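In my numbering, the protein residues as written are 2 to 402.
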């Protein structure tokens, strides 16, 4: 395997413009490649994944050296959401925001590996090879840090003014680069929206501006490890502006189905049913819906383990095949062993569980046996990071309204 200048420049805003610092970072990438081989880490990983991880590491390092803003935006948002700089890892006393840190390197290695393996929870953030390799890469980066040349490739991004109408084309171009090519958003974007497109068949940044499908995806779909829209990423990077939080209006009326469910359950917003017949009887007998010859929801007849849940804003939702994961005093369907083995699906498989129910379950501690699919301390890892895991793995479904 050989890492080329094209491999590195493909992740930069101006891949066709040669900069004096490019050769320095190519040499660094080749050194990290040799370090990986000499340490004999991740022997099962193929060369393409290996190359992708190395390129991501060098791209992260360039971002930090230049203070280009991608990594800074992520840390800012993690601080706001989770009161720590990165998911999974405890913050050490000597951590410095937006500069080089060992746990940041660990996260980049994990994120790059996990994306290349299909976002299936196959890599634990505590994997021994991951921690050992990250430690050595960090030592190398730290040794070079004060003398590393500032990359010249991020100038276009850093000079953007998002409120300047004369920069519309530049804003569109940087949005396309961020979404499809940058080391930090690309892992999710490619996996979710262009999984079958090879490196050789990818559109250029300029071609993205004339491709209707790609342009629509760029501005309408969330991406990156925090399920943010590209506009939200840009605001964070350029203006340090956080995304607006959705809040319920004081004037918004409580949904009628929320009221109906609470009346039917004696004041509870959640109920459990083993079979479709049980669910249908509840909807007719307790909620007063009209009985239908084929059942009220005939498309659900082949499912079981139902949860009926309601919120004041959105009303009622019916979810199948998940009651077995939920430990609740009113739920006789709970299966601790099955929950321990499978409940991670609520956070990691799109369309298994609506986000409103998901938040309710984890905020109330109703899925105590759920565990990350791999590695040590899997239960603690998942519960300490459940919101982040849901954001990264569910994407559109996390943002669902």
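Ideal Cβ placement from N, Cα and C applies to all residues, glycine included.
Since we're looking at a predicted model, the values are computed, not measured.
So, for residue i: in the same chain, excluding its five sequence neighbours on each side, which residues have a beta-carbon less than 8 Å away from its beta-carbon?
i, result
"residue 33", "55, 58, 59, 138 and 141"
"residue 283", "265, 272, 274 and 309"
"residue 143", "101"
"residue 242", "236"
Report yes if the C-beta distance between residue i and residue j is below 8 Å; otherwise report no.
i, j, result
"residue 99", "residue 68", "yes"
"residue 66", "residue 152", "yes"
"residue 192", "residue 120", "yes"
"residue 42", "residue 375", "no"
"residue 209", "residue 217", "no"
"residue 186", "residue 234", "yes"
"residue 344", "residue 373", "no"
"residue 222", "residue 163", "no"
"residue 172", "residue 179", "no"
"residue 228", "residue 400", "yes"
"residue 256", "residue 313", "yes"
"residue 321", "residue 340", "no"
"residue 391", "residue 359", "yes"
"residue 393", "residue 226", "yes"
"residue 107", "residue 132", "yes"
My understanding is that residue i touches residue j, with C-beta atoms under 8 Å, so please give their C-beta distance in whole angstroms.
i, j, result
"residue 270", "residue 307", "Not a contact, Cβ separation roughly 15 Å."
"residue 89", "residue 382", "7 Å"
"residue 135", "residue 157", "At roughly 30 Å, the Cβ-Cβ gap does not stay under 8 Å, so residue 135 and residue 157 are not in contact."
"residue 369", "residue 328", "6 Å"
"residue 61", "residue 4", "Residue 61 to residue 4, Cβ: 15 Å. No contact."
"residue 182", "residue 11", "7 Å"
"residue 154", "residue 13", "4 Å"
"residue 82", "residue 388", "7 Å"
"residue 9", "residue 26", "6 Å"
"residue 353", "residue 347", "6 Å"
Grouping DSSP H, G and I as helix and E and B as strand, with all else coil, what is residue i?
i, result
"residue 309", "strand"
"residue 261", "helix"
"residue 229", "strand"
"residue 2", "coil"
"residue 224", "strand"
"residue 401", "coil"
"residue 30", "helix"
"residue 42", "coil"
"residue 272", "strand"
"residue 253", "coil"
"residue 329", "coil"
"residue 167", "helix"
"residue 234", "helix"
"residue 25", "helix"
"residue 15", "coil"
"residue 353", "coil"
"residue 209", "helix"
"residue 198", "coil"
"residue 204", "coil"
"residue 174", "helix"
"residue 184", "coil"
"residue 364", "helix"
"residue 217", "helix"
"residue 239", "helix"
"residue 379", "helix"
"residue 334", "coil"
"residue 324", "helix"
Hey, would you say the C-beta of residue i is under 7 Å away from at least one heavy atom of the ligand COA?
i, result
"residue 31", "In terms of ligand content, the structure shown is empty, and the ligand COA therefore cannot be addressed."
Would you mind reading off the limits of the alpha helix (DSSP H) that contains residue i?
i, result
"residue 189", "187 to 194"
"residue 389", "387 to 395"
"residue 278", "277 to 286"
"residue 78", "71 to 83"
"residue 104", "103 to 117"
"residue 155", "Where residue 155 is concerned, there is no enclosing alpha helix (DSSP H), given that its DSSP letter is neither H nor E."
"residue 1", "Residue 1 lies beyond the stretch modelled for the chain, which goes from 2 to 402, so this question has no answer here."
"residue 124", "No alpha helix (DSSP H) contains residue 124, which DSSP labels as neither H nor E."
"residue 295", "Careful: residue 295 lies outside any alpha helix (DSSP H) and carries neither H nor E."
"residue 54", "48 to 67"
"residue 338", "337 to 343"
Can you list, in chain order, the residues of its chain whose CB lies under 7 Å from that of residue i, leaving out five sequence neighbours each side?
i, result
"residue 177", "206, 209, 210 and 219"
"residue 51", "2 and 37"
"residue 113", "53, 54, 57 and 188"
"residue 364", "none"
"residue 128", "376"
"residue 77", "237 and 241"
"residue 71", "64, 183, 185 and 238"
Which first and last residues belong to the beta strand (DSSP E) in which residue i is found?
i, result
"residue 320", "316 to 320"
Grab me the residues of residue i's own chain with a C-beta within less than 6 Å of its C-beta, minus the 5 sequence neighbours each way, in chain order.
i, result
"residue 277", "301 and 302"
"residue 261", "288"
"residue 22", "150, 152 and 153"
"residue 317", "258, 262 and 311"
Please tell me whether residue i has its Cβ less than 8 Å away from any Cβ of chain D.
i, result
"residue 327", "Among the chains in the structure shown there is no chain D, since it carries only a single protein chain."
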